[in-house]
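A.B. asks:
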Amino acid sequence: MGIVQRQTIRGTAWSYLGAILGFVNIIILSPRIFTTGEIGVVQLLISFATILAQFSGLGFTNVINRLFPWFRDGEGRHHGFLGLALAITLAGFIVALLVLKFYGPHFVEANMERSPLITEYSLYLPALLFITLLFSLLDNYNKVLYDAVLGTFLREFLFRVFNLALICLFWAGIIDFDGYVFGYVVSQGILLVVIFINLLKRGEISLKLEPGHITPHLRREIIILCFFGILTGITTVTLTSLDKLFVNRYLGEAEVGIYSIASYFAVLITLPGRSVSKISIPFLAEAWKKDDLATIDYLYSRSSIGQYTVGLLIFIGLMVNMDNIFRLLPDAYSGSGAVIILIGLGYLVSVSAGVNSVLLSTSSLYRFQTWLMLVLIGLFVITNVIFIPLLGITGAALAAMVSNIIYSLLGVLLTGRRFGLWPYSMTHLKITLLGLTAMIAGYLIPQLSLVPDILLRSLLVTLIFAAGVWYWKLSDDFTGMADRVTEWFRKRL
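With the first letter of the sequence shown counted as 1, position 395 gets the number 395 in our numbering; the numbers rise by one all the way through.
Rendered as structure tokens:
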């Protein structure tokens, strides 16, 4: 399992480097350079394209994750798997274009009053959708070929480098907002070209089809997986994107911009989990094929402890630096602290479940996972409709938190009852108590000027928490990484 740990570390490193760039782009520069409406319209385009991509992808990501082990054959170009995937994806894109043709004007009209900029930039939706679809397909294909790092590097880091350059060009007056949006879409296209060239150089691009390899049983599984994949994809994106659409509908694009900036901080909690989940997919799929519950249990429990350890540290860092966060942001964002806390709590419960969602999606229970998520869609819509008019963007955050917690705990209960696999142990309680101790210590520091205050609070919390995890060996991944870093410094001193 060394490849899982290596790629997790590399993927997480790129994610956090990207997060630093994202912090500069989204937190420091964007609120000072763009209007909240301009920030909101970009987020609105991304959210709509992402949701539409779940329909037009026709659920084939589910097939990639679960059935690729039955196609894997390097010499035979995986029995035409990529050709099949591309054919289905392009068919879905054509369907999506028809949806845009008939629904696009309604989408613009419905959002025009609160989001007047959407009228000008909705023309970018087809291109953004096409790029999103193909990049997602190739990234997932590359992932099951045991390379989960490239996609993370491109999406989390390189794209943010491009975005920083575009923001600076806009700031300098070299391009206007039209040029920024155009460059934003082109940058996404560059990522697609890079991953395609990488796969081509490795000999993994093949457009051939091999219908003879697909037995009637396999064909039936593909159809069922695509159907449930569409439903699962829709619900997944709903839980992450629909909140912005509801905020826009009730409050306007300016509030979407504020909500997006605030929720960005909470998303930092999920970054290690993304890397673990991506690289775990092919290993879990192979383990299910072999009915290897020991490997599945090992990955499940270890990922839960590792993700919760890092996620809790980040959440504590956000809590003790809450005042500093709003010292960095313009006054318009001052009322969004509850958004960070509520969404952060939801994500913290989610990462504590480890690779539970991946475990379910690659197992025979993928259908139950979909039905659970559809129930949560109803809950998500109802809670947004109730809470946003009452609490504004705090209501949207409350709805997101409730949805994340319920989904995560139901997933844990389902895998526990069906397979006897449980991620939680007394170790989680010890980590929580250690985290509370570190957080209290962070709050005891008197307020200093901005930069020293951030550095001192963050350093104190990290030292107390990391030292406790290392001393009591609460997380193998965390301890192993600390030992390697210590050894690296020892050799050079």
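All residues carry an ideal CB built from backbone N, CA and C; glycine is no exception.
Taking the alpha carbon of S30 as the reference point, which residue from I197, L166, T235, T427 has its own alpha carbon closest?
C.D. replies: L166
A.B. asks: Could you tell me if F387 is buried or exposed, where buried requires 16 or more neighbouring beta carbons within 10 angstroms of its beta carbon?
C.D. replies: buried
A.B. asks: If you run the structure through DSSP and keep just helix, strand and coil, what is Q188?
C.D. replies: helix
A.B. asks: What are the complete beta strand (DSSP E) segments, minimum 3 residues, inside the region 431-472?
C.D. replies: Counting only runs of at least 3 residues, the region 431-472 fully encloses no beta strand (DSSP E) element at all.
A.B. asks: Answer yes if the region 233-253 comes into contact with the region 313-328, meaning at least three C-beta pairs across the two stretches below 8 Å, and no otherwise.
C.D. replies: When C-beta atoms of the region 313-328 are compared with those of the region 233-253, fewer than three pairs fall below 8 Å, so the two segments do not count as touching.
A.B. asks: Using CA atoms only, rank isn't needed, just tell me which of G22, L450, S47 is closest to L245.
C.D. replies: S47
A.B. asks: Can you give the Cα-Cα distance for L169 and F159, rounded to whole angstroms?
C.D. replies: If you take the alpha carbons of L169 and F159, they lie about 15 Å apart.
A.B. asks: So, does the region 339-347 touch the region 398-407, judging by three or more C-beta pairs under 8 Å?
C.D. replies: yes
A.B. asks: Is it the case that the region 132-140 contacts the region 256-273, given that we only count it when at least three CB pairs across the two stretches are under 8 Å?
C.D. replies: no
A.B. asks: What's the C-alpha gap between V469 and I431?
C.D. replies: Using only the alpha carbons, I get a separation of about 7 Å.
A.B. asks: What does the alpha-carbon distance come out to for the pair A294 and R302?
C.D. replies: A294 and R302: Cα-Cα distance of roughly 12 Å.
A.B. asks: Starting from the C-beta of S408, find all residues in its chain whose C-beta is less than 6 Å away, skip the five residues before and the five after it, and write them out in chain order.
C.D. replies: V349, S350, A353
A.B. asks: So for I175, helix, strand or coil by DSSP?
C.D. replies: coil
A.B. asks: Quick check on the DSSP output: the alpha helix (DSSP H) that includes K143 runs from which residue to which?
C.D. replies: Counting along the chain, the alpha helix (DSSP H) containing K143 begins and ends at 125-144.
A.B. asks: Would a C-beta distance cut-off of 9 Å place L231 and F380 closer than the cut-off?
C.D. replies: No. Outside cutoff.
A.B. asks: Give the C-beta separation of L137 and A85 to the nearest angstrom, bearing in mind that I take them to be a contact with Cβ-Cβ under 8 Å.
C.D. replies: 6 Å
A.B. asks: Note down, in chain order, each residue of its chain lying with its Cβ closer than 7 Å to the Cβ of V310, except the 5 sequence neighbours on either side.
C.D. replies: P272
A.B. asks: Mapping DSSP to helix, strand and coil, what is E75?
C.D. replies: coil
A.B. asks: If you run the structure through DSSP and keep just helix, strand and coil, what is L67?
C.D. replies: Residue state, collapsed to three classes: helix.
A.B. asks: Between the Cα of A285 and the Cα atoms of F71, V41, G18, E120, which residue gives the shortest distance?
C.D. replies: Residue F71 is the option with its Cα nearest to A285.
A.B. asks: Can you confirm whether the region 18-37 touches the region 88-105 when touching is taken to mean that 3 or more C-beta pairs between the two stretches lie within less than 8 Å?
C.D. replies: Counting C-beta pairs closer than 8 Å gives fewer than three between the region 88-105 and the region 18-37, which falls short of the contact rule.
A.B. asks: Give a yes or no on whether the C-beta atoms belonging to A438 and L455 are separated by under 9 Å.
C.D. replies: Taking 9 Å as the Cβ cut-off, A438 and L455 do not qualify as a contacting pair.
A.B. asks: Quick test of your reading: A11 and S275, contact by CB under 8 Å. State the CB separation rounded to the nearest angstrom.
C.D. replies: Before going further, note that residue 11 is Gly rather than Ala in the sequence given. Correct: roughly 3 Å between the Cβ atoms.
A.B. asks: Could you give the distance in angstroms between the alpha-carbon of S361 and the alpha-carbon of D147?
C.D. replies: 19 Å
A.B. asks: Please confirm whether L133 has its beta-carbon closer than 9 Å to some beta-carbon of chain C.
C.D. replies: Considering every chain present, this structure includes no chain C. It has just one protein chain.
A.B. asks: Just the Cα atoms here: how many angstroms apart are G306 and R66?
C.D. replies: 24 Å
A.B. asks: Kindly indicate the opening and closing residues of the alpha helix (DSSP H) around S425.
C.D. replies: Here S425 belongs to no alpha helix (DSSP H), and DSSP marks it neither H nor E.
A.B. asks: Work out the CA separation of S15 and A518 for me, nearest whole Å.
C.D. replies: Missing from the structure shown is residue 518; the chain here goes from 1 to 493 and no further.
A.B. asks: Does the beta-carbon of S334 have 16 or more other beta-carbons within 10 angstroms, so that it is buried, or is it exposed?
C.D. replies: Answer is exposed; the Cβ neighbour count stays below 16.
A.B. asks: As a quick exercise: from N142, R77, P452, pick the residue whose alpha carbon is nearest that of I197.
C.D. replies: N142
A.B. asks: Exposed or buried, which one is K508 when buried takes at least 16 other CB atoms within 10 Å?
C.D. replies: Given that the chain is displayed from residue 1 to residue 493, the structure contains no residue 508 and the question cannot be resolved.
A.B. asks: Name the residue from I190, A467, L474, I224 whose alpha carbon lies nearest to the alpha carbon of S304.
C.D. replies: L474
A.B. asks: Taking Cβ to Cβ, would you say L268 is nearer than 9 Å to T462?
C.D. replies: no
A.B. asks: State the start and end residues of the unbroken alpha helix (DSSP H) segment that holds R302.
C.D. replies: 293-320
A.B. asks: Nearest-angstrom Cα distance between G183 and F162?
C.D. replies: The straight-line gap from Cα to Cα measures roughly 9 Å.
A.B. asks: What is the rounded straight-line gap between the Cα of I223 and the Cα of P423?
C.D. replies: 31 Å
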